[in-house]
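K.L.:
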């Protein structure tokens, strides 16, 4: 059996280096085809009719005029009379037509009679949420009453972090052709291999009848795992339109209303400590919403999970608003914000430097040494010692500067993945997986691992992913992809190489365990002069190719992958105390990720996590209207994302020391997207001397906090 | 927030101003979030007696567009945007439909030398204009220096905003061939939004592309 372990850190030619993504040219030239781009022969376009009400009953629905419209090929009623709609944007009917314009006209011709019912769309004031509140029950660890008695300083605070939407630039949707017994699906999905099973279940068909293909996906962030109602209706519209392909992608407003969101998080926190900063007790009363089904429960206290004495209460609030989906690091931004804002306020009350307080209590975390080292590194990178001042910048003038920090953690173990590596007699190599590249660089990572394993240059290996006819590979969620695909690729490729050694060994006159693949040659270990070129070795295969499988089993990663990381992020901001405007000056991000595969795309992913969190810290939130129950900013002009001028300087440091490298590959997408909103909030408090309790830190909230009002 | 719209690219909504005011155009103008722009749409539209031009539609009409130097004939309803004409009728899908109302820049193309959002231009109004899309930037198998710089600097992740950013960068560099700092780039590309968070790479890529293009290797 081959030795599957990663090559020693000093012996890697490609792994850990700065390598450009292999599909970069395709994307940057506009040639990459996303599934929203494909236009198969005979394509029809479909549109949804959605609910204008947050809570209502469908009394009657008349689609006869829509059906009669010239160019309309099929109309589906999704919400039959009697159906109770629980959020604005819910799917009511779908129309397929020759053009998008006709489909839109068809939707307008559908007549619905509604019985409008009372709604609840806001959860910030728990006392107004009435029967929509479900308490989870009290959790107590240790003796919180004694813990607060032992405390010499106690801080109490209120903190709030809002619902965000995923706002994927490529909206949710798919093209589907249902022709006779077979369905061809081109979805925008984070789950190429599992998608067919999900759609098959909804359509009550054997999964073997469904083929799925996706070359590129325009953003998912945790919201694109299922086939969804629109996928099912798209298939049915195709069937009812005589088997012609149908394209149904959500319009922007519907995308923001119903295609997923991040739950909110609110809490009253009480935290106690000795004068030296040792935390003695924690108490939290938290609540959140994730839509009708209630809200996520953030893991509190976050990272500092072993604070000895805790009392926790969490309530979930049901709202008439679109349902939550996993949003990059589910529940962690909320937990980070609720916990580390309180610890930062405690530091201010103790007159302590937060770096010192977070370090001092690192013993309560699962990785004390990692956090202490990362806090020190981050502090060095942002020049904490030089720039930090106690809360409230006392320099004259309206512009105040401040520093803040926060910590994160994530598991990110590799998912189940299968790969197939083919070595052909002409020397070409093919690696195939039913995986997907969310823009994280998965395709490139597979290429790097295979080429590294074979001693070949990158371009000597062809990587094919994105089709469910390829070996099953898990959905991309929870930062589990890199661990899974790197493990399966490594095993499949070394299994194939072993077969090549079988034919090369006789020619070189040594047993196969004496061979190695280096620099495009199969050579005898310790005697490089005795070798066959890669081409010559492959030519010995005659007419047969080698095709070998390899699997990564998430329960048994075998040293190639691991789970559990820390991560520290720090922010420097300026705040204009006259306008309330917060500007990013600098962000530093320090992350351990186990074994590094591609420095370039890993850095990009961390930068992306930081930028996404700058949006969430400063400008992004779902705004619901109490009077109408509507999502007021289901668009991109008022649902605000950061522009290129809003992000300041961002510097990334990845831990590649031997103690991290030896752990195996660990995912990175989530851990980079946790701590920064909290760090920015803490930096603003450090700058202006008061806490802005509620994210995002918009100018009105900053000014309100400065005036001493709760924002 | 502060930088989404920069006065540096005032011409983006220009083509609207030449259109008789329509509800769609008006709403889109307002959607741009700039009172100056929407007022411009209103006054130009209402003041122009050019409304006298013969009405077309609502049925599909034959039109001709000059795209990447080539004449393209198609038959579309007058309400079809340039973006939808490109994507649905000509299978030119580099420009993406994301916000569909002039906010995000994913559909950016260059029209008669101006950077415009293709979702805010009606295809019939794009007749007679020289339209440059990302498909025309480089011949098959080759990359324009801006695209190459995006690859080198990893200025993309999912890549859905990327064609728009590349075209905005091309348009910016056409007018400002010598950006000196990342701040210059931020002003030029303030009209494009990315969700994955690729701006750090974009800032570097545009400066690198400027150096390459000044070097005369391509343009």
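Chains as they are written, first to last, in my numbering: chain Z, 194 to 904; chain Y, 6 to 224. By construction, the Cβ of each residue, glycine as well, lies at the ideal position given by its N, Cα and C atoms.
1) Alpha carbon to alpha carbon, what distance is there between residue 613 of chain Z and residue 748 of chain Z?
2) Across which residues does DSSP place residue 666 of chain Z in a beta bridge pair?
3) Starting from residue 156 of chain Y, find everything on chain Z with Cβ-Cβ shorter than 7 Å and list it in chain order.
4) Please state whether DSSP places residue 202 of chain Z in a helix, a strand or coil.
5) Are residue 753 of chain Z and residue 679 of chain Z touching if we call contact CB-CB under 8 Å?
6) What residues in its chain sit with their C-beta under 7 Å from that of residue 822 of chain Z, if we drop five residues either side in the sequence?
7) Who are the neighbours of residue 139 of chain Y on chain Z, taking C-beta pairs under 8 Å?
8) Please confirm whether residue 526 of chain Z has its beta-carbon closer than 8 Å to some beta-carbon of chain Y.
9) Which of helix, strand or coil does DSSP assign to residue 257 of chain Z?
10) Taking 8 Å as the threshold (beta carbon to beta carbon), is residue 73 of chain Y in contact with chain Z?
11) Less than 8 Å between C-beta atoms, sequence neighbours within five positions excluded: which residues of the same chain meet that for residue 215 of chain Z?
12) Look at the Cβ atom of residue 735 of chain Z, then the Cβ atom of residue 649 of chain Z, and state whether they are nearer than 8 Å.
13) With DSSP as the reference, label residue 737 of chain Z as helix, strand or coil.
14) Assign residue 309 of chain Z to one of two classes, buried (16 or more other C-beta atoms within 10 Å of its C-beta) or exposed (fewer than that).
15) Measuring CB to CB, does residue 184 of chain Y end up less than 8 Å from residue 211 of chain Y?
16) Which residues, in chain order, does the stretch 824-840 of chain Z contribute to contact with chain Y at a C-beta distance below 9 Å?
17) In chain Y, what lies closer than 9 Å to residue 662 of chain Z by C-beta?
18) Spatial neighbours of residue 85 of chain Y within its chain, please: CB distance less than 6 Å, with the 5 preceding and 5 following residues excluded, ordered by chain position.
19) Can you find the residues in the same chain that come closer than 6 Å, C-beta to C-beta, to residue 151 of chain Y, ignoring five residues on each side of it along the sequence?
20) Just reading off the alpha helix (DSSP H) that residue 896 of chain Z is part of, what are its end residues?
21) So, does the stretch 875-888 of chain Z touch the stretch 825-835 of chain Z, judging by three or more C-beta pairs under 8 Å?
22) Does the beta-carbon of residue 64 of chain Y have 16 or more other beta-carbons within 10 angstroms, so that it is buried, or is it exposed?
23) Which of the three DSSP states, helix, strand or coil, is assigned to residue 828 of chain Z?
24) Where do the ends of the alpha helix (DSSP H) carrying residue 423 of chain Z lie?
25) So with CB distances below 8 Å, who are the chain Z contacts of residue 143 of chain Y?
26) Among residues of its own chain, excluding the 5 on either side of residue 138 of chain Y, which ones have a beta-carbon nearer than 7 Å to its beta-carbon?
27) Considering only the beta carbon of each residue, do residue 365 of chain Z and residue 443 of chain Z sit closer than 8 Å?
28) Along the chain, which unbroken stretches of the alpha helix (DSSP H) at least 4 residues long are found entirely within the stretch 366-425 of chain Z?
29) Is DSSP giving residue 186 of chain Y helix, strand or coil here?
30) Using beta carbons (cut-off 8 Å, strictly below), is residue 406 of chain Z in contact with chain Y?
31) Give me whichever residues DSSP pairs with residue 459 of chain Z in a beta bridge.
32) Under the three-state reduction of DSSP, which class applies to residue 203 of chain Y: helix, strand or coil?
33) Using the C-alpha atoms, what's the distance from residue 103 of chain Y back to residue 83 of chain Y?
34) Out of Z:696, Z:572, Z:534 and Z:481, state which residue places its alpha-carbon closest to the alpha-carbon of residue 495 of chain Z.
35) Is the beta carbon of residue 492 of chain Z less than 8 Å from the beta carbon of residue 356 of chain Z?
36) In this structure, what does DSSP give as the bridge partners for residue 441 of chain Z?
P.N.:
In short, the structure shows the following:
1) Here residue 748 of chain Z refers to the residue found at position 555 when the first chain is read from its first residue. Here residue 613 of chain Z refers to the residue found at position 420 when the first chain is read from its first residue. Cα-Cα distance, rounded: 20 Å.
2) By 1-based counting over the first chain, the position of residue 666 of chain Z is 473. In DSSP, residue 666 of chain Z forms a bridge with Z:610.
3) Numbered from 1 along the second chain, position 151 holds the residue referred to as residue 156 of chain Y. For residue 156 of chain Y, the chain Z residues whose Cβ falls inside 7 Å of its Cβ are 213, 217, 218 and 221, in order along the chain.
4) To locate residue 202 of chain Z, count along the first chain from 1; it is residue 9. It is helical.
5) Position 560 of the first chain holds residue 753 of chain Z. Position 486 of the first chain holds residue 679 of chain Z. Between residue 753 of chain Z and residue 679 of chain Z, the C-beta spacing is below 8 Å.
6) Looking up residue 822 of chain Z in the first chain gives position 629. The beta carbon of residue 822 of chain Z sits closer than 7 Å to those of 246, 247, 248, 281, 312, 314 and 513, all from its chain and outside the five residues before and after it, given in chain order.
7) Looking up residue 139 of chain Y in the second chain gives position 134. Near residue 139 of chain Y (Cβ distances below 8 Å), the residues of chain Z are 222 and 223.
8) The residue labelled residue 526 of chain Z in the question sits at position 333 within the first chain. For residue 526 of chain Z, the answer is no, since every Cβ of chain Y falls outside 8 Å of its Cβ.
9) Here residue 257 of chain Z refers to the residue found at position 64 of the first chain. In this structure, residue 257 of chain Z counts as helix in the three-state DSSP scheme.
10) The residue labelled residue 73 of chain Y in the question sits at position 68 within the second chain. Answer no: the Cβ-Cβ gap between residue 73 of chain Y and chain Z never drops below 8 Å.
11) Within the first chain, the letter at position 22 stands for residue 215 of chain Z. So the qualifying residues of the chain are 636, 637, 640, 651 and 656.
12) Position 542 of the first chain, counted from the start, is the residue given in the question as residue 735 of chain Z. Position 456 of the first chain, counted from the start, is the residue given in the question as residue 649 of chain Z. Contact flag unset, no.
13) Reading the first chain from its first residue, position 544 is the one you call residue 737 of chain Z. Coil.
14) Position 116 of the first chain, counted from the first residue, corresponds to residue 309 of chain Z. Exposed is the call here.
15) By one-based count along the second chain, residue 184 of chain Y stands at place 179. By one-based count along the second chain, residue 211 of chain Y stands at place 206. Yes, they are a contact pair.
16) Taking 9 Å as the cut-off between beta carbons, the residues of the stretch 824-840 of chain Z near chain Y are 828, 829, 830, 831, 833, 834, 835, 836, 837, 838, 839 and 840, in sequence order.
17) Taking the first residue of the first chain as 1, we reach residue 662 of chain Z at position 469. Within 9 Å Cβ-Cβ: nothing; residue 662 of chain Z doesn't reach chain Y, min ~24 Å.
18) For the purposes of this step, residue 85 of chain Y is taken as the residue at position 80 of the second chain. So the qualifying residues of the chain are 128.
19) Working through the second chain from its first residue, we reach residue 151 of chain Y at position 146. For residue 151 of chain Y, where only same-chain residues beyond five positions count, the Cβ hits under 6 Å are 171, 174, 175 and 214.
20) Position 703 of the first chain, counted from the first residue, corresponds to residue 896 of chain Z. Where residue 896 of chain Z is concerned, the enclosing alpha helix (DSSP H) starts and stops at 892-899.
21) The stretch 875-888 of chain Z vs the stretch 825-835 of chain Z: no contact.
22) Start at 1 with the first residue of the second chain, and residue 64 of chain Y comes out as number 59. Its Cβ having fewer than 16 others within 10 Å, residue 64 of chain Y is exposed.
23) Mapped onto the first chain, residue 828 of chain Z falls at position 635. For residue 828 of chain Z, the three-state secondary structure derived from DSSP is coil.
24) As a first step, residue 423 of chain Z is located in the first chain; it is residue number 230 there, counting from the start. Boundaries of the alpha helix (DSSP H) harbouring residue 423 of chain Z: 421-433, taken from the DSSP string.
25) Here residue 143 of chain Y is taken as the residue at index 138 of the second chain, counted from 1. The CB of residue 143 of chain Y comes closer than 8 Å to the CB of 222 in chain Z, given here in chain order.
26) Translated into the one-based positions of the second chain, residue 138 of chain Y becomes position 133. Closer than 7 Å at the Cβ level, and outside the excluded window around residue 138 of chain Y, lie 72, 73, 91, 97, 99, 100 and 114.
27) By one-based count along the first chain, residue 365 of chain Z stands at place 172. By one-based count along the first chain, residue 443 of chain Z stands at place 250. Going by C-beta atoms, residue 365 of chain Z is nearer than 8 Å to residue 443 of chain Z.
28) When DSSP assignments are scanned along the stretch 366-425 of chain Z, the uninterrupted stretches of alpha helix (DSSP H) that are 4 or more residues long and fall wholly within it turn out to be 385-396.
29) Here the question's residue 186 of chain Y lines up with position 181 in the second chain. If DSSP states are grouped into helix, strand and coil, residue 186 of chain Y belongs with coil.
30) Start at 1 with the first residue of the first chain, and residue 406 of chain Z comes out as number 213. Taking Cβ atoms only, chain Y never reaches closer than 8 Å to residue 406 of chain Z, which makes this a no.
31) Stepping through the first chain from its first residue, residue 459 of chain Z is reached at position 266. In DSSP, residue 459 of chain Z forms a bridge with Z:353 and Z:480.
32) Position 198 of the second chain, counting from 1, holds the residue named residue 203 of chain Y. In this structure, DSSP gives residue 203 of chain Y a state outside helix and strand, which the three-state scheme calls coil.
33) Position 78 of the second chain, counting from 1, holds the residue named residue 83 of chain Y. Position 98 of the second chain, counting from 1, holds the residue named residue 103 of chain Y. Approximately 21 Å between the Cα atoms of the pair.
34) Locating residue 495 of chain Z in the first chain gives position 302, where the first residue counts as 1. Of the candidates Z:696, Z:572, Z:534 and Z:481, the one whose C-alpha sits nearest the C-alpha of residue 495 of chain Z is Z:534.
35) For this step, residue 492 of chain Z is matched to residue 299 along the first chain. For this step, residue 356 of chain Z is matched to residue 163 along the first chain. In this structure, residue 356 of chain Z does not lie closer than 8 Å to residue 492 of chain Z by Cβ.
36) In the first chain, the residue the question calls residue 441 of chain Z occupies position 248. Looking at the DSSP assignment, residue 441 of chain Z forms a beta bridge with Z:367.
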